[in-house]
Amino acid sequence: RAKEHGRNQYHLYNLSMNAQTSKRLAMETNLRKAMEREEFFLNYQPKVNVKTGRVVSFEALVRWQNPELGLVEPKQFIPLAEETGMIIQLGEWVLRTACAQNRAWQEAEYPPMRVAVNFSPRQFQILRLADMVERVLAETDLDPRWLELEVTEGIMLQNVENTVTTLRRLSDLGVHISIDDFGTGYSSLSYIKKLPINTLKIDQSFVNDITTNPDDAAIATAVITLAQSLRLSVIAEGVESEGQARLLDSLECSEMQGYFFSRPLNTAEFPPLMNKLHWRRDMPNNTSIH
Ligand code: C2E
Ligand code: MG
Ligand code: MG
Ligand code: MG
300 RAKEHGRNQY HLYNLSMNAQ TSKRLAMETN LRKAMEREEF FLNYQPKVNV
350 KTGRVVSFEA LVRWQNPELG LVEPKQFIPL AEETGMIIQL GEWVLRTACA
400 QNRAWQEAEY PPMRVAVNFS PRQFQILRLA DMVERVLAET DLDPRWLELE
450 VTEGIMLQNV ENTVTTLRRL SDLGVHISID DFGTGYSSLS YIKKLPINTL
500 KIDQSFVNDI TTNPDDAAIA TAVITLAQSL RLSVIAEGVE SEGQARLLDS
550 LECSEMQGYF FSRPLNTAEF PPLMNKLHWR RDMPNNTSIH
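Take the position in the sequence shown, starting the count at 1, then add 299; the result is the number in full-length UniProt numbering.
Given below as structure tokens:
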């Protein structure tokens, strides 16, 4: 009896495994076709400086709209794209689209600002990554100083020499380098000395409860101090409330990004924000910080 029960359970377990595997397979098959079917698009989320009230940069965030699966979250398909190696092709598409869009906005005489593109650690395994970036910049006619790369600490986990060389070359061209999700990935700080970094991006997990959790506030303060001593810029991501914005501002972190300022926007929604100044912290009655 018990044995039978056990068998049944095993059987059920097996079935649900199959369901998961086939879901993954369907996702993988769809993902392979997504590029030629033009199912990817980008949203843009501004990064603002509350001292000047200006957008300093805007981050390109990839979206996948599939007829069968609907709108798929990056959290669901980026890891799959990494595992299958498709991130190489997708990453180049994101870069080209973001650079071309930035150039188009510059030609339309919006104030020039950087476009930030996320790069997966996996992309740093390509030996000619810097060549690829340089080629895309040339093809889209974008000055390298208007490009920012967001990389995570994970890039230091393998092929360190190639990664350092690649980032050096891009930095020498004038590309801005930011460490995304700072403080969540890799426990050694020594990589900061090896890389040509411009900005530390405080991860949203330290920002979420910053007004109520003294530990989070302490970590954010430490990152801000570290950035200041190393003469790097610092930005906080995932800022959702005025309280968080005010606290970060009082800690001398004047660059911020998050729903409080703006959600990621589509190509039509973003341009009106590019001329906006009303994120200044010193505006009368700081409700206008938004
Ligand atoms: P990330 O680069 O750390 O981006 C921040 C994520 O937080 C984005 O999610 C963004 O929409 C979300 N976010 C922004 N402001 C707030 C806020 O105030 N509150 C909260 N709760 N969330 C906020 P998204 O777009 O779903 O992207 C998730 C991750 O997927 C990104 O994290 C990035 O690691 C990855 N990703 C997105 N686009 C690309 C891409 O083109 N290439 C690569 N390699 N990775 C990408
Ligand atoms: Mg990012
Ligand atoms: Mg981030
Ligand atoms: Mg993050």
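Glycine residues also receive a C-beta, built at the ideal position from the N, C-alpha and C atoms.
Return the CA-CA distance between residue i and residue j, expressed in angstroms with no decimal places.
| i | j | result |
| --- | --- | --- |
| E536 | A318 | 36 Å |
| E449 | F357 | 11 Å |
| N417 | L389 | 11 Å |
| T524 | G369 | 43 Å |
| G473 | T465 | 13 Å |
| F569 | S489 | 38 Å |
| N458 | F423 | 8 Å |
| I491 | L428 | 20 Å |
| H589 | A359 | Confidence at H589 is low in this model, with a pLDDT of 43, below 50, so its placement is unreliable and the value that follows should be read with caution. Between H589 and A359, the C-alpha separation is close to 21 Å. |
| R336 | E367 | 13 Å |
| D430 | L436 | 10 Å |
| E433 | N512 | 43 Å |
| I386 | S528 | 35 Å |
| N565 | E372 | 15 Å |
| P571 | S532 | 26 Å |
| R545 | I509 | 11 Å |
| E408 | K322 | 46 Å |
| A403 | L456 | 36 Å |
| T351 | V463 | 33 Å |
| R421 | D548 | 35 Å |
| N574 | T320 | 48 Å |
| residue 279 | L341 | Because the chain in this structure spans residues 300 to 589, residue 279 falls outside the shown range and cannot be described. |
| R353 | P345 | 9 Å |
| R467 | P495 | 6 Å |
| Y485 | I518 | 15 Å |
| L426 | N461 | 7 Å |
| residue 590 | A567 | The requested residue 590 does not occur in the structure, where the chain is confined to residues 300 to 589. |
| V347 | V538 | 11 Å |
| S487 | D514 | 20 Å |
| P563 | R530 | 29 Å |
List the endpoints of the continuous alpha helix (DSSP H) containing residue i.
| i | result |
| --- | --- |
| Q422 | From DSSP, Q422 is part of no alpha helix (DSSP H); its letter is neither H nor E. |
| I476 | Unbroken run through I476 is the beta strand (DSSP E), 475-481; no alpha helix (DSSP H). |
| residue 259 | Outside the displayed span of the chain (300 to 589) sits residue 259, for which this structure offers no information. |
| S532 | No alpha helix (DSSP H) contains S532, which is instead part of the beta strand (DSSP E) from 532-535. |
| G542 | 541-549 |
| P373 | 373-383 |
| M412 | From DSSP, M412 is part of no alpha helix (DSSP H); its letter is neither H nor E. |
| I518 | 513-528 |
| residue 245 | No answer is possible for residue 245: it lies beyond the span of the chain, which begins at 300 and ends at 589. |
| P571 | 570-573 |
Name the two residues that bound the continuous beta strand (DSSP E) containing residue i.
| i | result |
| --- | --- |
| T498 | 498-501 |
| S561 | Here S561 belongs to no beta strand (DSSP E), and DSSP marks it neither H nor E. |
| W363 | 353-365 |
| Q405 | Unbroken run through Q405 is the alpha helix (DSSP H), 386-406; no beta strand (DSSP E). |
| L446 | 446-450 |
| P345 | 339-348 |
Relative to the C-alpha of residue i, which candidate in the options has its C-alpha closest?
| i | options | result |
| --- | --- | --- |
| V522 | E335, S540, V506, I501 | I501 |
| K493 | I476, M431, F505 | I476 |
| Y343 | M334, E337, R362 | R362 |
| V349 | A567, L550, V393 | L550 |
| H577 | L564, A567, F560 | F560 |
| F339 | W392, R580, C552, D514 | W392 |
| residue 592 | R580, E460, M573, L529 | A question about residue 592 goes unanswered here, because the residues of the chain that appear run from 300 up to 589. |
| E438 | C552, N401, P563 | N401 |
| A333 | N365, T320, E406 | N365 |
| E381 | L330, Q405, N565 | L330 |
| L441 | R530, A526, T351, Q405 | Q405 |
| A516 | T498, C552, V355, S487 | C552 |
| N497 | R562, L546, S470, L341 | S470 |
| I534 | E408, R353, P563, L499 | L499 |
| G384 | P345, A567, S419, N461 | S419 |
Can a CB atom of chain C be found closer than 8 Å to the CB of residue i?
| i | result |
| --- | --- |
| R427 | Any reference to chain C falls outside this structure, which holds one protein chain only. |
Between the segment 430-448 and the segment 413-422, are three or more C-beta pairs nearer than 8 Å?
-> yes
Cβ contact check for the segment 392-411 and the segment 449-469: 3 or more pairs under 8 Å = no
Three CB pairs or more closer than 8 Å across the segment 320-336 and the segment 370-387 | yes
Specify whether the segment 499-513 and the segment 477-484 touch according to this definition: at least 3 beta carbon pairs, one from each stretch, less than 8 Å apart.
-> yes
Touch check for the segment 554-561 and the segment 509-522: three-plus C-beta pairs under 8 Å?
-> no
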